[in-house]
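For the sequence shown, full-length UniProt numbering begins at 1 and goes up steadily by one.
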Amino acid sequence: MSLTGEIDMSTVPRLAAAVDDVLNEPPARVVLDMAGVTFCDSQGLGTLVVLSRKATLAQSYLVLVNVGAFLIRVLDITGLRNALMIQEV
């Protein structure tokens with residue numbers, strides 16, 4: 001699933017719904033391509049963590065790929081980098 005633009009309070013409901021739909025019949029993993037993400041606020045960060053936990057409960061896992069340097073920095077500052085599976089491609 002490729003994400004573009006901002007992940008914020010106005011877009012997280014659509015992101016959560018899309019991932020929830022995928023997790024209804026969970027694949028081995030859900031991949032979120034973050035290459036097009038330009039901004040992520042605290043609600044977006046929280047949603048990514050919640051979706052990762054939901055994937056785990058569904059016996060799947062959420063993987064973030066192509067995560068930009070700005071988002072890696074935010075994840076490091078907030079201590080959330082270890083809460084998410086980030087894969088470099």
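Idealized CB from N, CA, C, for every residue including glycine.
### Task
Please name the residue, chosen from Ile72, Cys40, Thr78, Val22, that lies closest to Lys54 on a Cα-to-Cα basis.
Here residue 54 refers to the residue found at position 54 when the sequence shown is read from its first residue. Cα-wise, what sits closest to Lys54 is Val22.
### Unbroken stretches of the alpha helix (DSSP H), 4 residues or longer, contained in the UniProt domain "STAS" (1-89)
12-23, 42-57, 69-78
### Message
Using only the alpha-carbon positions, how far apart do residue 109 and Thr56 sit?
### Response
The structure shown does not extend to residue 109, since the chain is modelled only from 1 to 89, so the question has no answer here.
### Message
So, for Asn66: in the same chain, excluding its five sequence neighbours on each side, which residues have a beta-carbon less than 8 Å away from its beta-carbon?
### Response
Position 66 of the sequence shown, counted from the first residue, corresponds to residue 66. Taken in chain order, the residues that qualify are Asp33, Met34, Ala35, Val89.
### Query
Gln59 and Met9 look like a contact to me (Cβ under 8 Å); what is the Cβ gap, rounded to whole Å?
Sequence index remark: in the sequence shown, residue 59 carries index 59 (1-based). Sequence index remark: in the sequence shown, residue 9 carries index 9 (1-based). Not really, about 30 Å apart at Cβ, beyond 8 Å.
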